[in-house]
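S.K.:
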Amino acid sequence: MHTRMQLVPRRNMDIIVQTETIHPYGMMLTNDYDSFGAASAMVETAEQLTRDEDVAGGTAHYQLLHGAIAALARRAAAPKMLLTSYLLRALTIAGWAPTFDECSKCGIEGPHNWLSVSLGGVVCDDCAPPQTTYAPDDVVALLSALLAGNWPAIEGAQNGEIRQATSFVAQYLQYHLEKNLQSLSVMEQG
Ligand SMILES: [Zn+2]
């Protein structure tokens, strides 16, 4: 739900004195399993990334989350793609922007086809440590489009590319959160 609340601050827990529903997204999301799963993963991620009260970019996180939930509710794109794009942008706001165009280590212009979770995106032939995962051009292009929110480029993606791209993003998120999110298991399905 997108709700407006009036709160009275208390030392331990604020008291809600008035609420007003602005957008009843819940009704639109609960009747579709994939949308509900994606929405759950989004809010769990947002909760983790904004855990500190004075978190930088709190408003940006809120606006991004609201936009993503609204897009899910109106079926703007496949739920898994909306979730993956949301995660990449939420990580960017959190200060962990991945790089898919230039080498994330030395900065040399791409395209590059080595994908590293710990180095934060693609790396060039010279910078790729042994056993770095190979990613075909289409996978790198899909990741770049998901980060940019370039939806026309995302719509034509094939299942194999989607699987590798979503798997990378799930690993990248968990690497930075240093924990597994239960709701993120939706990324492994389909
Ligand atoms: Zn490099």
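Just so you know, the sequence shown maps onto residues 2 to 191 in this note's numbering.
Even for Gly, the Cβ is constructed at its ideal location relative to N, Cα and C.
Computed from a predicted structure; not experimentally measured.
(1) Measure from the alpha carbon of TRP152 to the alpha carbon of each residue in MET29, SER117, MET82, ALA47, then state which is nearest.
(2) State the Cα-Cα distance for the pair ILE23 and ALA95, rounded to the nearest angstrom.
(3) Check whether the segment 164-178 and the segment 65-85 touch, using three or more Cβ-Cβ pairs below 8 Å as the test.
(4) From which residue to which residue does the alpha helix (DSSP H) around MET6 run?
(5) Does the distance from the CB of ALA39 to the CB of VAL187 come in under 8 Å?
(6) Does the beta-carbon distance from LEU30 to ALA74 come in below 8 Å?
(7) Any heavy atom of ligand 1 closer than 7 Å to the Cβ of ASP102?
(8) Give me the Cα-Cα distance between VAL132 and PRO112, rounded to the nearest whole angstrom.
(9) Tell me VAL124's beta-bridge partners as DSSP assigns them.
(10) What is the DSSP secondary structure of THR20, counted as helix, strand or coil?
(11) Going by C-alpha to C-alpha distance, which of GLY68, ARG5, ARG12 sits closest to ARG90?
(12) Just to confirm my understanding: we take ALA146, look at its own chain, exclude 5 residues before and 5 after, and list those with CB closer than 7 Å. What are they?
(13) Do the CB positions of TRP166 and LEU143 come within less than 8 Å of each other?
(14) Quick check on the burial criterion: 16 or more other C-beta atoms within 10 angstroms. Buried or exposed for GLU179?
(15) THR20 to PRO130, Cα distance in whole Å?
(16) Can the beta-carbon of SER36 be found less than 8 Å from the beta-carbon of PRO80?
M.R.: In short, the structure shows the following:
(1) Start at 1 with the first residue of the sequence shown, and residue 152 comes out as number 151. With distances taken between Cα atoms, TRP152 lies closest to MET82.
(2) Here residue 23 corresponds to residue number 22 of the sequence shown, with the count starting at 1. Here residue 95 corresponds to residue number 94 of the sequence shown, with the count starting at 1. Distance between the alpha carbons of ILE23 and ALA95: 27 Å.
(3) yes
(4) Stepping through the sequence shown from its first residue, residue 6 is reached at position 5. Here MET6 belongs to no alpha helix (DSSP H); instead the beta strand (DSSP E) covers 3-9.
(5) Within the sequence shown, numbered from 1, the residue matching residue 39 stands at position 38. Within the sequence shown, numbered from 1, the residue matching residue 187 stands at position 186. Yes. Within cutoff.
(6) Counting from one through the sequence shown, the residue named residue 30 turns up at place 29. Counting from one through the sequence shown, the residue named residue 74 turns up at place 73. Yes.
(7) Translated into positions along the sequence shown, residue 102 becomes position 101. No, the beta carbon of ASP102 sits no closer than 7 Å to any heavy atom of ligand 1.
(8) The count along the sequence shown starts at 1 and reaches residue 132 at position 131. The count along the sequence shown starts at 1 and reaches residue 112 at position 111. What sits at residue 132 in the sequence shown is Gln, not Val. Looking at the two C-alpha atoms, the distance is approximately 19 Å.
(9) Along the sequence shown, one-based indexing puts residue 124 at 123. The partner list for VAL124 (beta bridge, DSSP) reads TRP115.
(10) In the sequence shown, the residue the question calls residue 20 occupies position 19. The answer is strand: DSSP assigns THR20 an E or B state.
(11) Position 89 of the sequence shown, counted from the start, is the residue given in the question as residue 90. Cα-wise, what sits closest to ARG90 is GLY68.
(12) As a position in the sequence shown, residue 146 is number 145, starting the count at 1. Taken in chain order, the residues that qualify are ALA154, ILE155.
(13) Residue 166 sits at position 165 when you count from the first residue of the sequence shown. Residue 143 sits at position 142 when you count from the first residue of the sequence shown. In the sequence on display, residue 166 carries Ala and not Trp. For ALA166 and LEU143, yes; Cβs fall inside 8 Å.
(14) Position 178 of the sequence shown, counting from 1, holds the residue named residue 179. Exposed, because fewer than 16 other Cβ atoms sit within 10 Å of the Cβ of GLU179.
(15) As a working mapping, residue 20 is identified with position 19 in the sequence shown. As a working mapping, residue 130 is identified with position 129 in the sequence shown. Cα to Cα, THR20 sits roughly 53 Å from PRO130.
(16) For the purposes of this step, residue 36 is identified with residue 35 of the sequence shown, where counting begins at 1. For the purposes of this step, residue 80 is identified with residue 79 of the sequence shown, where counting begins at 1. Against a cut-off of 8 Å, the Cβ pair of PRO80 and SER36 comes out as a contact.
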